[in-house]
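Written below as structure tokens is the structure these notes are about.
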Amino acid sequence: MTFFYDFNIAPNEEVIQCLEDHKFKGACMFFDADNYDNSCKDIFNYLNENTSLELYHGILISESNPELLRKHVQRYYNKVDLIMVNGLNDKINRVACNLAHVDILNRPYSNKRHCGINHVLASMLVENNITVNIDIYELLHTRQMRRAKLINHVNEMMKLKDKYGFNVIASSSAKSFYDVRSPKNLILLSQLFKVDEEYARKLISDNVSKVINDITIHKESVIDGVRIVHDVDKRTCE
Amino acid sequence: MKLKILPPTLREKKRYIAFYVYSEHEITKNDFTYHMWNKLIGLYGEVTSSDVNLWLVSYKRVSNQDRITYKGILKCQRGYEKETLTMLASLTNIKENKLVVQSCGTSGTIKSLNRKYDLL
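Residue numbers (the working numbering), protein chains in the order written: chain A, 1 to 238; chain B, 1001 to 1120.
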């Protein structure tokens, strides 16, 4: 059985309820780094208690200054499950790809004349185990020339993905009930890019599972290269 | 003189799609049809849209406490179900009115679709 995930949603009860109705297995809520405080954690805990979904919480960093981006990533690394950076310009994309603490690079192709990733960044993504997120919300809310360019940029990125093998996921970026799409619809919409049905399915299932595995590794790791494999029973130690 | 009806072998093969529309405000049948066609032409262009041959068979309001809901049946040409379903999934708004369309299923006859989803 395939499990589906929507890995970029707003912290909204209605959205989570709708995802449950569509039989998603899990989701990740992203809070804005500029407005992140302790109340966000409380909101996450409250929503997590009232749902059967596997919920994760992450932080979305939209920064145009590379130094500030590094600072934000360092600050939030141990506080949240996932760190997602919004792709902006070549400089920001390069810094984000170079940071091993970053988990997801969100739409690196935005506001550009190209897909935002080249062969150098592609190998950095593989090296640092960073996933690229395709925003279906953006695809739905653009029209004509902008949508055509967006599809072209994603197709360009998919070519690099085929060659270098970095991980790609798709998400709805749902902010309200009207933005949520069922797994079937997400697969259909993903097929507007040059991907076959099988890979479109992987974008919201298998590829997201890889990100979830990384979260577990991240939680278990003590320092770089050292990880708690299992808890040792206290009695055996005594 | 009235034209004779085409024999079944020469008629175009069709598929019926059942769907639900959830919306913030009321949407008329004409508005919905117009925006469906607009979206289809925007996504696939005029040539492919002509092959899809879209037709809204039924469109009715359903009682729902949370939001305005409609149920309907859409006819398209066989082999173009994927294009039609993608078009339905990509509908986001009609002017300022937000909406989402959830397709339920596809069938070769209205009768079997109605038996499954009770849409008429």
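Here a beta-carbon is modelled for each residue, glycine too, at the ideal position from N, C-alpha and C.
Chain B contact residues for A/Arg-181, given Cβ-Cβ distances below 7 Å: Ala-1089
Can you give me, in chain order, the residues of the stretch 124–143 of chain A that have a beta carbon less than 7 Å from any beta carbon in chain B? Leu-140, His-141 and Arg-143
So, are the CB atoms of B/His-1025 and B/Asn-1114 less than 8 Å apart? no
Tell me, please, whether the CB atom of B/Lys-1116 is closer than 8 Å to any CB atom in chain A? no
Residue span of the beta strand (DSSP E) that contains B/Lys-1060, given as start and end: 1055–1062
Have a look at the DSSP bridge pairing and note the partners of A/Asn-167. A/Thr-131
What does B/Lys-1098 reach in chain A if we use C-beta pairs closer than 9 Å? Ser-176, Phe-177, Tyr-178 and Asp-179
Looking only at C-alpha atoms, which of B/Lys-1060, B/Leu-1010, B/Met-1087 and B/Arg-1015 sits nearest to B/Lys-1111? B/Arg-1015
How about the stretch 1045–1057 of chain B and the stretch 144–153 of chain A: do they share at least three Cβ pairs that are nearer than 8 Å? no
Taking buried to mean at least 16 other C-beta atoms within 10 Å of its own C-beta, is B/Lys-1039 buried or exposed? buried
Where does A/Ile-228 land, buried or exposed, given buried means 16+ other C-beta within 10 angstroms? exposed
Under 8 Å between C-beta atoms, does B/Thr-1069 make it to chain A? no
Once the 5 residues before and after A/Ser-172 are set aside, which same chain residues still bring their CB inside 8 Å of it? Asp-6, Asn-8, Ile-9, Ile-136, Tyr-137, Asp-179, Val-180, Arg-181 and Leu-186
Along chain A, in chain order, which residues have C-beta atoms closer than 9 Å to that of B/Leu-1085? Lys-184, Asn-185 and Leu-188
Give me the chain B residues within the contact set of A/Leu-19, using Cβ-Cβ distance strictly less than 9 Å, ordered along the chain. Neighbours of A/Leu-19 on chain B: none; closest Cβ ~13 Å, over 9 Å.
Thinking A/Ile-83 and A/His-101 are a contact (beta carbons under 8 Å), I'd like their distance in whole angstroms, please. 6 Å
Hey, A/His-114 and A/His-153: beta-carbon distance below 8 Å or not? yes
Going by the CB atoms, is the gap between A/Asn-98 and A/Ile-61 shorter than 8 Å? no
If you pair each beta-carbon of the stretch 8–22 of chain A with each one of the stretch 42–53 of chain A, do three or more pairs fall below 8 Å? yes
Straight-line Cα distance separating B/Arg-1078 from B/Asp-1031: 25 Å
Is the separation between the beta-carbon of B/Phe-1019 and that of B/Ser-1103 shorter than 8 Å? yes
Close-in-space but distant-in-sequence residues of the same chain around A/Val-211 (CB under 8 Å, 5 per side omitted): Phe-7, Leu-82, Asp-103, Ile-104, Thr-131, Asn-167 and Ile-169
Note down, in chain order, all residues in the stretch 189–209 of chain A with a beta-carbon under 8 Å from any beta-carbon belonging to chain B. Leu-189, Gln-191 and Leu-192
For a contact meaning CB atoms closer than 8 Å, what does B/Gln-1077 contact in chain A? Residues of chain A passing the Cβ test: none, with the nearest at roughly 17 Å.
For B/Arg-1015, report the span of its beta strand (DSSP E) as first-last. 1014–1023
Determine the direct distance from the alpha carbon of A/Leu-88 to that of B/Ile-1005, and round the result to whole angstroms. 60 Å
Enumerate, from N- to C-terminal direction, the unbroken beta strand (DSSP E) stretches of 3 or more residues contained entirely within the stretch 21–74 of chain A. 26–32 and 54–61
Under 8 Å between the Cβ atoms of A/Tyr-109 and A/Met-157? yes
Could you give the distance in angstroms between the alpha-carbon of A/Lys-79 and the alpha-carbon of A/His-218? 12 Å
Quick check on B/Lys-1095 - is its C-beta less than 8 Å from some C-beta in chain A? no
Is it buried or exposed for A/Ser-64, if we count other Cβ within 10 angstroms and need 16 for buried? exposed
Which residues in chain A sit within 7 Å of B/Thr-1106, going by Cβ to Cβ distance? Chain A residues near B/Thr-1106: none, gap ~11 Å exceeds 7 Å.
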